[in-house]
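Per my numbering, residue 80 is the first one in the sequence shown, and the count goes up by one each step.
One structure is given below, encoded as structure tokens.
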Amino acid sequence: MIDWLLCLLIAGFLGPFPNNWAPFVLVVEYAFFLGLFGQTPGMRLTGIAAVSAADGRPIGIPRALLRGVLLALLVPALVMDRYRRGWHDRAVGSVVIATKRSAAAEPEAWAEPGAPSAPSS
């Protein structure tokens, strides 16, 4: 949603186009940000990234461009395998991962108030 709003804002500056520039801007945004950094601005804010399933690194611009085109078709995102990877992820060999650890994942968050915290390793 965050990335789509960003695309709509950018598309507004590009001027008229038959229908709208936003889908094209979205694909270019995905290609650039996912290809080079592994996450779009919206993914960064929500704490996720799409990286190579093989080595955990950014997938590169050509694979990110293909992922963006497939994602723009919407169908690949609706059909997922048991690992929650859509056709767009499987086609380019990417996987979506969490980049932020939530407070609930921290052992200290499980302790009762006033209890001593576990030693850090």
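Beta carbons: idealized from backbone N, C-alpha and C, even for Gly.
Nearest by alpha-carbon distance to D134: which of D160, V171, Y109, V107 is it?
V171
Below 7 Å CB to CB, which residues in the same chain sit around I81 once its five sequence neighbours on both sides are set aside?
P120, G121, L124
In terms of DSSP beta bridges, what is M159 paired with?
G165
Please check the pair S173 and A129, which I expect to be a contact at CB under 8 Å, by giving their CB distance rounded to whole angstroms.
5 Å
Hey, could you find the ends of the alpha helix (DSSP H) A143 is sitting in?
140 to 151
Could you check how far apart the C-beta atoms of V104 and A90 are, in whole angstroms? I think they sit under 8 Å.
5 Å
Collapsed DSSP secondary structure at A132 in the structure displayed:
coil
Cβ neighbour criterion (16 or more within 10 Å) applied to C86:
buried
Give me the DSSP bridge partner(s) of V175.
A129
Which stretch, first to last residue, makes up the alpha helix (DSSP H) that contains W83?
81 to 93
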